[in-house]
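Beneath this line is the structure, given in C-alpha cells, with notes to follow.
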Amino acid sequence: MELAEKTNHNIEKVTFGFWVYIMTDCVLFASLFATYAVLRNSTFGGKSGLELFNMPYILVETMLLLTSSFTIGLGLLAASRNAKKQLLGWLSLTFILGLGFLVMELAEFSKMIAEGNGFQRSGFLSSYFTLVGTHGLHISAGLLWIIVMIFQVSRRGLKGSIRQKIACLGLFWHFLDVIWILIFSIVYLMGVS
Amino acid sequence: MNFKPTFKSYLTGFILSIMLTLTAYITVVNHFLCGCKLIWIILILAVIQLLVQLTFFLHLGVEPKPKWKLYTFLFVVLIIAIIVGGSLWIMSNLNYHMMSSPDLMNQYMNSQSGL
C-alpha cells in the first residue's frame, strides 16, 4: 500500500471511531430533548418560552453557528489540499464565530437568571437550561479543541496524525451545528408558536 | 470510488441551510400559520435541514461500501425514536390519567396502589 493511501485508510478508521462517539452523544441529546419535550408546559406559574425567548437574538446566534459550520468545512477542504495557511485562517474564523455564539448564549442565560428565570424556577426552565447548556458546554469544548489545533498545525504542520484530528474536529463541529438546528426548531421556534 | 467534498458541496449545504432556517423563522415570527399546522411545518423544515447538513457537511451515505457510518447512524435514529417517542407516549398517558377530579384520582390511586 502506498503511503498516501495508507494515511487515508487510517483517517477513515479514526473518523469512524469518532463517528461512533458522536452517535452516543446523539443519544445523550435525545434523552435531554425527551426531558424537555415532557416538561415544556410545566412552567409552575412562571414565564413560558413565548415570553422568555427573544427570537431575533436567537436567529443571530443560529446564523453565527451555521456560518461557523461552513467555515470549518472550508478548513477541512484546505487541509486536504495541504494549504496550511488557509486552514489556519478558516480555523481562526470558526473560532471567532463560535466564540460569538457562546458569548451571546451566556449573555442570554445570565439575563434570564438575573430576571429570576433561572433553572430552579420551573421544570420547563430546568430542562431548558440542561439541554441548551449541554450544547453550550460542547461548544466550549469545541472552541478549546480549535485553539489546540491552531497551535499544533502552526507548530508541526499537516502531518498524518494532525490530519486525523482535524477531520474529527470537523465532524464534531458539524454535529454541534446539527444539534443546534434541532434546538432552534424544537425549543425556540415551537416554544414561541 | 471515493466521494470528495468540494467547495461547491459545502456552499450548497450552507445556502440551503440558511434558506431553510429563514423560512422556518419567518413562518413562525409572522404567524403565517397557526396551531398544529405550524408545528408540522417546523418539524418538516427541521428534518429537511437535518438531511441537508448530514449530506453536505457530514457526508453521510456517500462513503464507499460497507457504509458503517450510515448503519450506525440508522441504529441511533431507532434508539432516539424509542427514547423520545416512548417518553412522550408514557408521560402523556400519565397526564391523561391524572386529569380526572381529585376524588376520582384518589380512587384510582387506591385501586392501583399495589405493586
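Top line first, the protein sequences correspond to chains A and B.
Counting from 1, one number per residue, gives the positions in the first sequence under our numbering.
Counting from 1001, one number per residue, gives the positions in the second sequence under our numbering.
All residues carry an ideal CB built from backbone N, CA and C; glycine is no exception.
With residue i and residue j assumed to form a contact (beta carbons below 8 Å), what rounded beta-carbon distance in angstroms separates them?
i, j, result
"A:Leu189", "B:Val1052", "No, A:Leu189 and B:Val1052 are not in contact; Cβ-Cβ is about 17 Å, not under 8 Å."
"A:Leu97", "A:Thr67", "6 Å"
"B:Leu1078", "A:Val178", "Actually they are not in contact, since the Cβ atoms of B:Leu1078 and A:Val178 sit about 18 Å apart, beyond 8 Å."
Excluding the five sequence neighbours on either side, which residues of its own chain have a C-beta within less than 7 Å of the C-beta of residue i, listed in chain order?
i, result
"B:Ile1015", "none"
"A:Asn82", "Leu158"
"B:Lys1069", "Leu1060 and Glu1063"
"B:Thr1005", "The residue asked about is misnamed: residue 1005 of chain B is Pro in this sequence, not Thr. Excluding positions up to five away in sequence, the list reads His1059."
Got a sec? Which residues, its chain only, sit under 8 Å from residue i by beta carbon, not counting five neighbours each side?
i, result
"A:Tyr128", "Tyr36, Gly49, Phe119 and Val187"
Do you know how far the Cα of residue j is from the Cα of residue i?
i, j, result
"B:Met1001", "A:Glu5", "No answer about B:Met1001 holds up, because its pLDDT of 38 lies below 50 and its placement is not dependable."
"A:Ser42", "B:Lys1008", "45 Å"
"A:Ser126", "B:Leu1088", "17 Å"
"B:Thr1072", "B:Leu1060", "11 Å"
"A:Trp173", "A:Trp19", "12 Å"
"B:Asn1095", "A:Glu12", "47 Å"
"A:Gly160", "A:Thr7", "6 Å"
"A:Arg40", "A:Gly191", "8 Å"
"A:Glu115", "B:Ser1017", "33 Å"
"A:Trp180", "A:His9", "31 Å"
"A:Met101", "A:Thr71", "The amino acid occupying residue 101 of chain A in the given sequence is Phe; Met does not appear at that position. Looking at the two C-alpha atoms, the distance is approximately 14 Å."
"A:Asp25", "A:Ser31", "10 Å"
"B:Trp1040", "A:Gly17", "35 Å"
"A:Ala167", "B:Leu1058", "11 Å"
"B:Leu1038", "B:Asn1030", "11 Å"
"B:Ile1090", "B:Met1098", "12 Å"
Where does residue i land, buried or exposed, given buried means 16+ other C-beta within 10 angstroms?
i, result
"A:Trp90", "buried"
"A:Thr209", "What is shown of chain A runs 1 to 193, which leaves residue 209 of chain A out entirely."
"A:Ser194", "Chain A is shown only over 1 to 193; residue 194 of chain A falls outside these bounds and no answer can be derived."
"A:Lys27", "Note on residue identity: the sequence assigns Val, not Lys, to residue 27 of chain A. Exposed, because fewer than 16 other Cβ atoms sit within 10 Å of the Cβ of A:Val27."
"A:Ser52", "With the sequence shown as reference, residue 52 of chain A is identified as Leu, and Ser is not the correct amino acid for it. So A:Leu52 ends up on the buried side."
"A:His135", "buried"
"A:Asn117", "buried"
"A:Ala107", "exposed"
Start and end of the alpha helix (DSSP H) containing residue i?
i, result
"A:Ala167", "Gly160 to Leu182"
"B:Val1062", "Note, B:Val1062: premise wrong, no alpha helix (DSSP H); not H, not E."
"A:Pro56", "Met55 to Ser80"
"B:Met1019", "Phe1007 to Val1029"
"A:Val187", "Run containing A:Val187: none; DSSP gives neither H nor E here."
"A:Lys84", "Lys84 to Ala114"
"A:Gln120", "Here A:Gln120 belongs to no alpha helix (DSSP H), and DSSP marks it neither H nor E."
"B:Lys1037", "Cys1036 to Phe1056"
"B:Lys1069", "Trp1068 to Met1098"
"A:Leu52", "Gly49 to Leu52"
Which residues in the same chain as residue i place their Cβ atom closer than 6 Å to its Cβ, once the five residues preceding and following it in sequence are excluded?
i, result
"A:Gly75", "Leu87, Trp90 and Leu91"
"A:Ile175", "Sequence check: residue 175 of chain A is Phe here, not Ile. For A:Phe175, where only same-chain residues beyond five positions count, the Cβ hits under 6 Å are Ile22."
"B:Gly1086", "none"
"A:Trp240", "Within the shown structure, residues of chain A are numbered from 1 to 193, placing residue 240 of chain A beyond reach of any answer."
Which chain D residues sit within Cβ distance under 8 Å of residue i?
i, result
"A:Val20", "Absent from the structure: chain D. Protein chains present are A and B."
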